[in-house]
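What follows is one structure encoded as structure tokens, with my remarks underneath.
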Amino acid sequence: MPLVQISLLEGRSDDLIKSCIKAVAEAVHQTLGAPYGAISVYAVEVPRAHWATGVHTKDEPETAAAQALKPGNEKS
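Residue numbering for the sequence shown follows the numbering used here, beginning at 14 and increasing consecutively.
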């Protein structure tokens with residue numbers, strides 16, 4: 014019985030999350046051969062203040078240094 018948890022930042026629509034859940038269930042069915050009735054998929058929306066990368070939560074303003082490290086922001 015496959016169980017898949019999807020953790021994501023809050024803010025997406027219910028329709029978008031449902032679409033993701035269905036696509037994941039389909040992928041599990043196709044790759045593992047598990048019957049649909051045995052597959053459980055659930056999404057957990059996490060508030061931005063409760064999710065951190067390193068020591069900075071997602072609700073904190075991004076520093077200029079962090080912005081500079083993002084792909085496409087490199088200086089020539």
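Heads up, the beta-carbon is just placed ideally off N, CA and C, and yes, glycines get one too.
The three-state reading of DSSP puts S26 in coil, since its state is none of H, G, I, E or B.
Taking one beta carbon from each stretch, the stretch 30-40 and the stretch 61-77 have fewer than 3 pairs nearer than 8 Å; the two do not touch.
Taking S53 as the centre and dropping the five residues before and after it, the same chain places the C-beta of M14, P15, L16, V17 closer than 8 Å to its C-beta, in chain order. Per DSSP, the beta-bridge partners of Q18 are Y55.
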